[in-house]
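**Q** Questions regarding the structure given below will be posed in turn.
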Amino acid sequence: MVKAQVQDPYSMGRPVSLAEAAKHIWTRVRRSFAPRSPFKIGDAVVGDDPFKGRHEGVVVFLQGTAAGVDTAQGVFFYDHRQLKRLD
């Protein structure tokens with residue numbers, strides 16, 4: 000017989016339903032195959048885009064494949080494929 004609730008994995012005392020646990024696992028599996036940027040916040044990079052130009056700066060924002068680079072001229076948003084690490 001299958002139980003409708005499973006033991007709380009975080010030991011906070013609140014029971015977690017089987018549907019919530021399955022949803023959490025499915026979300027983590029889906030997110031692991033999603034595209035993501037190889038850069039981390041704080042990395043020094045150069046962004047080169049034909050429309051925005053070439054800017055050196057530090058990564059301050061990451062969301063999916065987009066990265067926000069803080070430069071002397073302001074914050075520019077690039078796709079991770081347009082960024083290179085500084086030597």
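Residue 33 in numbering that gives the first Met the number 0 sits at position 34 of the sequence shown, and the numbers go up by one each step.
Ideal placement from N, C-alpha and C gives every residue a C-beta, glycine not left out.
In the stretch 16-51, which residue ranges form an unbroken alpha helix (DSSP H) of at least 4 residues, counting only runs that do not cross its ends?
**A** 17-31
**Q** Just confirm the distance between the C-beta atoms of A66 and H79, as a whole number of angstroms; I'd bet it's less than 8 Å.
**A** Here the question's residue 66 lines up with position 67 in the sequence shown. Here the question's residue 79 lines up with position 80 in the sequence shown. 6 Å between Cβ atoms; contact.
**Q** Does the distance from the CB of G52 to the CB of V68 come in under 9 Å?
**A** As a first step, residue 52 must be located in the sequence shown, where it is residue number 53. As a first step, residue 68 must be located in the sequence shown, where it is residue number 69. Not in contact: G52 and V68 (Cβ atoms no closer than 9 Å).
**Q** Which residues does DSSP pair with Q62 in a beta bridge?
**A** Taking the sequence shown and counting its residues from 1, the one referred to as residue 62 is at position 63. Q62 pairs with A65.
**Q** What did DSSP end up calling R13 once you bin it into helix, strand or coil?
**A** The residue given as residue 13 occupies position 14 in the sequence shown. Three-state DSSP puts R13 in coil, outside helix and strand.
**Q** What number of angstroms, rounded off, separates the C-alpha of P14 from the C-alpha of A20?
**A** In the sequence shown, residue 14 corresponds to position 15, counting from 1. In the sequence shown, residue 20 corresponds to position 21, counting from 1. Distance between the alpha carbons of P14 and A20: 10 Å.
**Q** Could you spell out the range, first to last residue, of the beta strand (DSSP E) harbouring D78?
**A** Residue mapping note: residue 78 aligns to position 79 of the sequence shown, counting from 1. Run containing D78: G73 to D78, per the beta strand (DSSP E) assignment.
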